[in-house]
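Participant:
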Amino acid sequence: MDRKTILSELKKVLAPYTENKELLNGITEETDLIKDLKINSANLVDIIIDAESAYNIEIDFDSAEKMYLVGNCIDVIMDKMNQSA
């Protein structure tokens, strides 16, 4: 799975937690989940759980701490998918 595909699928994971859905259309790997998408920091745990389910991976605490930019989320997801392959 490539970065572009994960980005597209990640939008679906982020959608329930993003109040302004128009912001999702313009996300890039530099998009900050809290500052740019205005996602409540408490919802980051829910996003991680949803990503684990969507990609059939387990995200440990150290990896979860890195997931504040969309690009970092993609890095973690790809890394975990490669580990489980």
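Per the working numbering, residue -10 is the first one in the sequence shown, and the count goes up by one each step.
C-beta atoms are modelled at their ideal positions from N, C-alpha and C, and glycine is treated no differently.
Return helix, strand or coil for Asp(-9), following the three-state DSSP convention.
Facilitator: Coil, per DSSP.
Participant: Counting C-beta neighbours from all protein chains within 10 Å, is the total for Thr20 16 or more, i.e. buried, or is it exposed?
Facilitator: Its Cβ being crowded by 16 or more others within 10 Å, Thr20 is buried.
Participant: May I have the straight-line CA-CA distance separating Ile(-5) from Leu22, to the nearest angstrom?
Facilitator: About 16 Å.
Participant: Do you know how far the Cα of Asp68 is from the Cα of Tyr6?
Facilitator: Looking at the two C-alpha atoms, the distance is approximately 24 Å.
Participant: Quick one: measure Cβ to Cβ for Glu8 and Ile63, integer angstroms, because I've assumed they're closer than 8 Å.
Facilitator: Incorrect: roughly 22 Å between the Cβ atoms, too far for contact.
Participant: What are the boundary residues of the alpha helix (DSSP H) that includes Tyr44?
Facilitator: That run of the alpha helix (DSSP H) goes 32 to 44.
Participant: Where does Leu58 fall in DSSP's three states?
Facilitator: Here Leu58 sits in strand by DSSP.
Participant: Could you tell me the alpha carbon to alpha carbon distance between Asp49 and Ser73, rounded to whole angstroms?
Facilitator: Rounded to whole angstroms, Asp49 to Ser73 spans 13 Å at the Cα level.
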